[in-house]
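S.K.: All letters in the sequence shown, in the order written, are residues -25 to -1, 1 to 432 by mature numbering (1 follows the signal peptide of the UniProt record, and there is no 0).
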Amino acid sequence: MQSAGFKVTLLVLAVSPWLSEAAGAGKVAAYSARNAKTGQRIVGCPLADTGAGIAGVAATKSMQGCAALCRARAPDCAAFAFSGAKAKCELSSGAPGAGACALSPAEGWTAFNLADFREPSTTVGVCEGSANACLNDGVCLSRTEQTDDSFVCACQAGYSGDRCQTAVSQPTWSAWSNYSACSSTCGQGVRKRSRSCLDASGNPVAAVAACGSDSPDAFEACSSSVCPSWSPWSEWSVCNTTSTCGPGVRQRTRTCANGGVIGTDCRGNAVESTPCDSVSCSLQGAPVSLNPLTFEVMTLGKGYVQIYSDLLDKTGYVCSDGFDNDKEGAVVCRSLGFDGVQELPATSSLPVMPDSPLFLLSNLECTGAEDTLQSCPHSPWSNSTTCDSGRAAYVLCKVNGRWSAWENWESCEGKCGTATRNRNRTCTNPRPLGGLNCDGDGFQEAPCPGLSPCPGK
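Pasting the structure below:
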């Protein structure tokens, strides 16, 4: 037997007025209270939907009628749901809760598992001895307590009449409509086309399922132009205090790409800022030294200017481009503890620069009053700073002379009486370099202690 839904019609036979929905109601009601899934409908595995035509059949106005229809479909039918208000019986291929079969809340419906339905009444059952009563595979349902052998036929879908003898034109699908516009104006979207379930006259059928289980709608993916969106963030800018020193701010930016408008197509900020630290403004953050670039012992107070960057953790030279001896040079000498800066000798007399020197700092603009060289505005710190001259800045500081330590006292051995001893010191620690000489004496004389009187005196 096919799995299509049943349409049930009533034979034109005399049926007693009491033979109705109430027949056997007492036993059926008592059984239902114990076993039925009241207010539930079986979904997920329909076997057949009997349709609206079943409404005029008395037998289908009881749970027993549903049970009889389900048994007639065995082994395909395992459960059924009944609605008295709709006079409708729906058959299911599996027990509720098994596989795809599930119970769904539905007002006015009652669900049964056929295996648990024990036929407490013989009010309605499958006809016995009337196999040919219903045509075209219709199911004969009899009222066994009647002597007039009255019955009704539950017709297969596509047939009607009191014995299912009349073929009914089946609804069919119309042609597909054109696809709708894409659901999205940019990016990925979907578009839809539809069709209608039409009867033999070409009129839409309200119950779309009459045309089968296929969907009346079809969808497919579609795409349009690329949607506006934020571009990736740029790299962070250099710290804005890399041109001086101390705490600062750095930024990164992004754009609303693909023709977008910030605030409409792209939400959020186009610029982000974050705190940053450049080289410290203290002497410890970027100490300065002077390198004479000779094989001689380093002469205090003169040499090519070198500086350390705690940002790059490297030591390199200060480029001579833009380096003013009276301003930048004065800052260098003062930061090293010297009294001032001297005039520079001719460039030709300076030591030769090494090959491929590393320049960290260039284009200094000091006033001469700064405490440290990095406090002056300058080009950003870099281990590849361009130096057009190719030479580091050279500084000659004013160095005040300082005495060396006193030499040891000369020996008093062999001396007697009031003999004396001497000691000396020199103004070489350091020697004066454009600065002040040492103040005081470089010679001392003192009596030799503990001498014996000289003989003959």
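We put the beta carbon where it would ideally sit given N, CA and C, even for glycine.
May I have the straight-line CA-CA distance separating Ala73 from Gln39, to the nearest angstrom?
M.R.: So the two alpha carbons sit approximately 23 Å from each other.
S.K.: Look up Val293 in the DSSP assignment and give the residues it is bridged to.
M.R.: Paired residue(s): Leu336.
S.K.: Enumerate, from N- to C-terminal direction, the unbroken alpha helix (DSSP H) stretches of 4 or more residues contained entirely within the stretch 120 to 181.
M.R.: Within the stretch 120 to 181, no complete alpha helix (DSSP H) run reaches 4 residues.
S.K.: Just curious, the beta strand (DSSP E) that Ala421 is in, first and last residue?
M.R.: Here the beta strand (DSSP E) through Ala421 covers Phe418 to Pro422.
S.K.: Under a three-way DSSP split, which group does Cys41 fall into?
M.R.: In this structure, Cys41 counts as helix in the three-state DSSP scheme.
S.K.: How would you write the range of the alpha helix (DSSP H) that Ala305 sits in, first residue to last?
M.R.: Residues Ala305 to Ser310.
S.K.: Can you check DSSP and say which residues form a bridge with Pro21?
M.R.: Looking at the DSSP assignment, Pro21 forms a beta bridge with Ser67.
S.K.: Once the 5 residues before and after Thr141 are set aside, which same chain residues still bring their CB inside 6 Å of it?
M.R.: The answer, listed in chain order, is Ser135.
S.K.: Identify every run of the alpha helix (DSSP H) within the stretch 182 to 244, keeping only runs that are complete inside it and at least 4 residues long; order them along the chain.
M.R.: Counting whole runs of 4 or more residues, the stretch 182 to 244 contains no alpha helix (DSSP H) stretch at all.
S.K.: In whole angstroms, what separates the C-alpha of Cys391 from that of Ala380?
M.R.: In a straight line, the C-alpha of Cys391 is about 28 Å away from that of Ala380.
S.K.: With burial defined as no fewer than 16 other Cβ atoms inside 10 Å of the residue's Cβ, what is the status of Phe87: buried or exposed?
M.R.: Result: buried.
S.K.: Note down the Cα distance separating Gly304 from Glu210, rounded to an integer number of angstroms.
M.R.: Their Cα atoms are separated by approximately 36 Å.
S.K.: From which residue to which residue does the beta strand (DSSP E) around Leu371 run?
M.R.: First-last of the beta strand (DSSP E) with Leu371: Tyr369 to Lys373.
S.K.: Does the beta-carbon of Cys76 have 16 or more other beta-carbons within 10 angstroms, so that it is buried, or is it exposed?
M.R.: Looking at its Cβ environment, which holds 16 or more other Cβ atoms inside 10 Å, Cys76 is buried.
S.K.: Hey, quick one: how far does the beta strand (DSSP E) through Gln281 stretch, first residue to last?
M.R.: Residues Lys277 to Ser284.
S.K.: Determine the closest residue to Ala184 out of Ala193, Gly177 and Leu173, with distance taken between C-alpha atoms.
M.R.: Measuring from the Cα of Ala184, the nearest candidate turns out to be Leu173.
S.K.: Could you tell me which of His353, Val224 and Arg406 sits nearest to Val374, measuring between CA atoms?
M.R.: Checking every option, the nearest Cα to that of Val374 belongs to Arg406.
S.K.: Could you check which residue in Thr147, Cys52 and Cys202 has the C-alpha nearest to that of Ser176?
M.R.: When each option's Cα is compared against that of Ser176, the closest is Thr147.
S.K.: What would DSSP say about Pro329, mapped onto helix, strand or coil?
M.R.: Residue state, collapsed to three classes: coil.
S.K.: Ser248 by DSSP, collapsed to three states: which one?
M.R.: Note: Ser248 maps to strand in three-state DSSP.
S.K.: Quick one: what does DSSP say Ser324 is sitting in, helix, strand or coil?
M.R.: Helix at Ser324.
S.K.: For the beta strand (DSSP E) containing Glu82, name the first residue and the last one.
M.R.: Per DSSP, Glu82 belongs to the beta strand (DSSP E) from Ala77 to Asn88.
S.K.: If you draw a straight line from the alpha carbon of Gly409 to that of Cys372, how long is it in whole angstroms?
M.R.: Rounded to whole angstroms, Gly409 to Cys372 spans 8 Å at the Cα level.
S.K.: Tell me, please, which residues DSSP counts as bridged to Gln15.
M.R.: Answer is Pro80, bridged to Gln15.
S.K.: Please check the pair Asn404 and Arg366, which I expect to be a contact at CB under 8 Å, by giving their CB distance rounded to whole angstroms.
M.R.: Contact flag wrong, Cβ pair sits at about 31 Å.
S.K.: Tell me whether Tyr6 is buried or exposed, calling it buried when 16 or more other Cβ atoms sit within 10 Å of its Cβ.
M.R.: Model confidence at Tyr6 stands at a pLDDT of 38, short of 50, so the residue's coordinates are unreliable; what they give is reported in the following sentence. Per the 10 Å Cβ criterion, buried.
S.K.: Near Thr230, which residues of its chain fall below 6 Å by C-beta distance, leaving aside the five closest residues on each side in sequence?
M.R.: Only Ser206 meet the Cβ criterion.
S.K.: Inspect the beta-carbon positions of Asp91 and Ser68 and report whether they are closer than 8 Å.
M.R.: In this structure, Ser68 does not lie closer than 8 Å to Asp91 by Cβ.
S.K.: What residues in its chain sit with their C-beta under 8 Å from that of Thr401, if we drop five residues either side in the sequence?
M.R.: Excluding positions up to five away in sequence, the list reads Trp378, Ser379 and Gly417.
S.K.: Helix, strand or coil for Ala47 per DSSP?
M.R.: Looking at Ala47 - three-state DSSP - the assignment turns out to be helix.
S.K.: Is the Cβ-Cβ distance between Cys251 and Val224 less than 8 Å?
M.R.: Contact: yes.
S.K.: Would you mind giving the Cβ-Cβ distance between Ala43 and Ile17, rounded to the nearest angstrom? I have them listed as a contact below 8 Å.
M.R.: Wrong, their Cβ atoms sit about 17 Å apart, outside the cutoff.
S.K.: For the beta strand (DSSP E) holding Arg398, just list the boundary residues, first then last.
M.R.: Start and end: Thr395 to Asn399.
S.K.: When the Cα of Leu319 is compared with those of Ala368, Phe313 and Asp346, which residue comes out closest?
M.R.: It is Ala368.
S.K.: Can the beta-carbon of Gly221 be found less than 8 Å from the beta-carbon of Cys256?
M.R.: Yes, the pair counts as a contact, with Cβ atoms nearer than the cut-off.
S.K.: Out of Cys157, Thr85 and Gly291, which one is the CA nearest neighbour of Ala62?
M.R.: Nearest option by C-alpha distance: Thr85.
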